[in-house]
Amino acid sequence: MGTCIICGTTTDGRICGSHEQDVVFEFKGTDPSLLGAERFYRGTVDGYADFGVFVDLSPSITGLLHRSELDQRLESLDWEPGDTVYVQVKNVRDNGNVDLSWSIRQAEREFRG
Numbered sequence: 007m008g009t010c011i012i013c014g015t016t017t018d019g020r021i022c023g024s025h026e027q028d029v030v031f032e033f034k035g036t037d038p039s040l041l042g043a044e045r046f047y048r049g050t051v052d053g054y055a056d057f058g059v060f061v062d063l064s065p066s067i068t069g070l071l072h073r074s075e076l077d078q079r080l081e082s083l084d085w086e087p088g089d090t091v092y093v094q095v096k097n098v099r100d101n102g103n104v105d106l107s108w109s110i111r112q113a114e115r116e117f118r119g
């Protein structure tokens, strides 16, 4: 057992359940199956396609932020390759593809990590 690094309550990890959605993680692994579904991660814009934005979560893992997940048109995003973005892992497919989501907290930078 330990204590939550945000509020100090007793927890079995570094962050208690009530604060887990407030924190952004950096993924340093190479196996996409180790990504936590519904967790937020810091990523880097890799590039654009007609169907969405590719975001690098680590040097060896890139996910897709589909255009349907965005609250604005792809053409109006001011992201450039290399920009830091905050995304949520929706799903890791059996083939290793990573589906990403985006939260309004991205725009407001309301993360604690």
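Numbering of the sequence shown is given in our numbering, commencing with residue 7 and proceeding in unit increments.
Here a beta-carbon is modelled for each residue, glycine too, at the ideal position from N, C-alpha and C.
Using a Cβ-Cβ cut-off of 7 Å, state whether residue i counts as contacting chain D.
i, result
"G102", "This model lacks chain D altogether; it includes just one protein chain."
As a quick exercise: from the options, pick the residue whose alpha carbon is nearest that of residue i.
i, options, result
"G88", "R45, G69, V61 and F57", "V61"
"L70", "G58, V98 and G42", "G58"
"D1", "V30, T15 and R79", "With the chain covering 7 to 119 only, the question about residue 1 has no answer from this structure."
"V64", "W85, P38, D77 and L83", "This sequence places Ser at residue 64; Val is not what is there. If we check each option's Cα against that of S64, P38 comes out closest."
"E86", "T9, C13 and D52", "D52"
"H72", "R99, G8 and L106", "L106"
With residue i and residue j assumed to form a contact (beta carbons below 8 Å), what rounded beta-carbon distance in angstroms separates them?
i, j, result
"T36", "T90", "Incorrect: roughly 20 Å between the Cβ atoms, too far for contact."
"E81", "W108", "About 16 Å separates the two Cβ atoms, so there is no contact after all."
"L30", "I67", "Looking at the sequence itself, residue 30 is Val, so the reference to Leu does not match. Their Cβ separation, rounded to whole angstroms, is 16 Å, which puts V30 and I67 out of contact at 8 Å."
"A43", "N101", "With 8 Å as the limit, A43 and N101 do not qualify as a contact, their Cβ atoms being about 16 Å apart."
Report yes if the C-beta distance between residue i and residue j is below 7 Å; otherwise report no.
i, j, result
"V95", "L41", "yes"
"R48", "E32", "yes"
Residue i by DSSP, collapsed to three states: which one?
i, result
"L70", "strand"
"L106", "strand"
"L76", "coil"
If we count the other Cβ atoms within 10 Å of its Cβ and call it buried at 16 or more, is residue i buried or exposed?
i, result
"T15", "exposed"
"T17", "buried"
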